[in-house]
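Everything below concerns the one structure shown next.
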Amino acid sequence: MAKTKTTFFCQNCGAQHSKWQGQCSSCKQWNTIAEEVIQKAEKITWKTSENTSKKHARPLRISEISTQAEARLNTKNNELNRVLGGGLVPGSLTLLGGEPGIGKSTLMLQIALQLPYKTLYVSGEESAQQIKMRAERIQPISENCYILTETKTQNIFRNIEEIEPDIVVIDSIQTLHTDHIESTAGSISQIRETTAELIKYAKETATPVILIGHITKDGNIAGPKILEHMVDTVLQFEGDRNHIYRILRANKNRFGSTNELGIYEMQGSGLREVSNPSEILISKNEEDLSGTAISATLEGMRPLMIEIQALVSSAVYGTPQRSATGYNAKRLNMILAVLEKRAGFKLGAKDVFLNVTGGITVDDPAIDLAVAAAVLSSNIDIAIDKRLCFAAEVGLAGEVRPVTRVEQRILEAEKLGFTSIVISKYCKIPKNDFHINIIKVAKVHDVVHHLFG
Ligand code: TYD
Ligand code: MG
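For the sequence shown, our numbering begins at 662 and goes up steadily by one.
The structure is reproduced here in structure tokens:
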């Protein structure tokens, strides 16, 4: 037995330390360092390139490399294909993250069942019977889909050699363990090592591998950030578990853009692709309510449509109340002052309450115009068309200012079924083949005219 060797890993960033310390010197997080047992043993990972006959690596001139061989594998799922940028790239590693119960296993099994290729679905979470029961709910059972309930990578590779699958799905990366490291499954060193073995296998045989990953309570993929660096594509499956719609996005994509999103509906028989997203919005709106406006905002790199609600009423007490949830209260006061001074609305003696629905906090200035529109709509009690959205900043002179990445916001609004978007007149849009109606305004006053005549 070799001498046991332990190292300290930061559970947040994956940095390695020689001793325990309260704060990680790399990412500055507190109480994230844990001891893990690593044992150096002789490496018997995925067979080395000498005995793999499929691909043999040697340096090539870039002009000699044919891209035809890299043709993408069509997943037969249009939403997934779109998010991936046209299909799975041979030899790529894709990581699919999402909250428990959101439908990650369902989505991957459904894809494994649909594909005309030989797929291997490795599960460390459910028994073969449970997977069969799920498969029966989803679709007719495919002859090409193999199920393996195994968590040790060495055994998985042994089966892979025998079956020679065209696609491998791992559910989930946190349940895998390799013989070379002695820490428990799901620890930093296990995740890193098992992922590295899978990458080696994927690259050498040009087989796409899809990993399912758990996420932590603050929404990040459990394990080190390094996992996200190692894989080629990171997909995020999100949505409210109590709600039937699910959104699939790419947070990182080496082979395509991260602007695309896929929408699914969870049904009794698996996930249905929603090709016309406007049905989501139309089904939700029974009646027109005044005081709501929808804004196309960006959360980090990702576009997001949010609803803003305002309530304007006569102040009961001497001093009017202003309160904002999810939006900067000072900025609300500024917008009210602009509306008063530049658009002639008497809001000085009114209570104004503002709420960003869904409990999220936004500090993107692009929601200013939607805030102003919601306030005006509540003030005069006329509803704004639900298929209209806003993306612009409001300046102190009452001017409507351009915002960053407006094209991405327009695309998101179009994808989600909006018919019109209000943006600043000064926005530069490089391409102009959108199907959505783009309304350009220069001043807050113009918006009032446009909305309420
Ligand atoms: P699952 O794929 O197990 O989630 P994850 O792998 O992300 O943890 O999804 C489970 C949920 O999906 C569960 O609450 C039941 C629901 N579901 C359906 O509504 N219809 C179906 O056909 C299937 C298979 C699951
Ligand atoms: Mg699962």
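Glycine residues also receive a C-beta, built at the ideal position from the N, C-alpha and C atoms.
Predicted model, so just to flag it, every value in this text is computed and none were measured.
Annotation: the stretch 989-1070 contains the following complete segments of the beta strand (DSSP E) (minimum length 3 residues), in chain order: 1011-1017, 1049-1051.
Taking all protein chains in view, the Cβ of Thr780 is crowded by 16 or more other Cβ atoms within 10 Å, so the residue is classified as buried. In this structure the stretch 979-995 touches the stretch 1006-1013; the number of beta carbon pairs closer than 8 Å is three or more. Our two residues, Ile873 and Gly759, have alpha carbons roughly 8 Å apart in a direct line.
The beta carbon of Ser1081 lies closer than 8 Å to those of Asp1046, Arg1048, Leu1049, Cys1050, Ile1097, Asn1098, Ile1099, Ile1100 in the same chain, with the five residues before and after it left out.
For Arg733, the secondary structure class from DSSP, reduced to helix, strand or coil, is coil. Apart from sequence neighbours up to five positions away, no residue of its chain approaches His1110 with a beta-carbon distance below 7 Å. Here Asp832 carries a strand assignment [DSSP, helix/strand/coil]. At a cut-off of 8 Å, the beta-carbon of Glu787 counts as near the ligand MG: some heavy atom of the ligand is closer than that.
Boundaries for Arg743: no beta strand (DSSP E) harbours it, while the alpha helix (DSSP H) harbouring it runs 739-745, taken from the DSSP string. Residues Val895, Gln897 of the same chain have their beta carbon placed closer than 6 Å to that of Asn912, with the five preceding and five following residues left out of the count.
In this structure Glu921 is not in contact with Asn738, their Cβ atoms being roughly 13 Å apart against a cut-off of 8 Å.
One alpha carbon belongs to Tyr925, the other to Val744, and they sit about 12 Å apart. Contact between the stretch 821-834 and the stretch 781-789 is present: 3 or more CB-CB pairs across the two stretches fall below 8 Å.
Between Thr855 and Thr839, the beta carbon gap of about 5 Å places them in contact (Cβ cut-off 8 Å). Residue state for Ser766 is assigned as helix, using DSSP reduced to three classes. Distances between the C-beta of Lys765 and the heavy atoms of the ligand MG include at least one below 8 Å. By the CB criterion at 9 Å, Gly931 and Arg798 fall inside the cutoff. Between the alpha carbons of Pro1091 and Gln815 lies a distance of about 51 Å. Secondary structure at Ala971: strand, using DSSP grouped into helix, strand and coil. Residue environment: Ile908 is assigned as buried (16 or more neighbouring CB atoms within 10 Å of its CB, all protein chains considered). In this structure, Gly675 lies near Lys886, with their beta-carbon atoms less than 9 Å apart.
Relative to the non-hydrogen atoms of the ligand TYD, the Cβ of Ser930 comes within a distance shorter than 8 Å of at least one.
Nearest Cα to Ile967 within the set Ala1052, Asp1042, Gly979: Ala1052. At least 9 Å separates the beta-carbon of Leu734 from that of Leu757. Relative to the ligand MG, the beta carbon of Ile772 is positioned no closer than 8 Å to any heavy atom.
Around the C-beta of Ile821, 16 or more other C-beta atoms lie within 10 Å, and the residue is accordingly described as buried. Distance from the Cα of Leu774 is smallest, within the candidate group Gln690, Ser788, Ala796, for Ala796. DSSP lists Leu754, Val829 as the beta-bridge partner residues of Val870. Distance between Pro1026 and Asp1094, taken at the CA atoms: about 26 Å. CA-CA distance, Thr667 to Gly752, rounds to 33 Å.
In the structure shown, the three-state DSSP call for Thr1080 is coil. In this structure, the alpha-carbon of Val1061 lies about 33 Å from that of Gly917. Shown here, Leu888 sits in a helix according to DSSP, grouped into three states.
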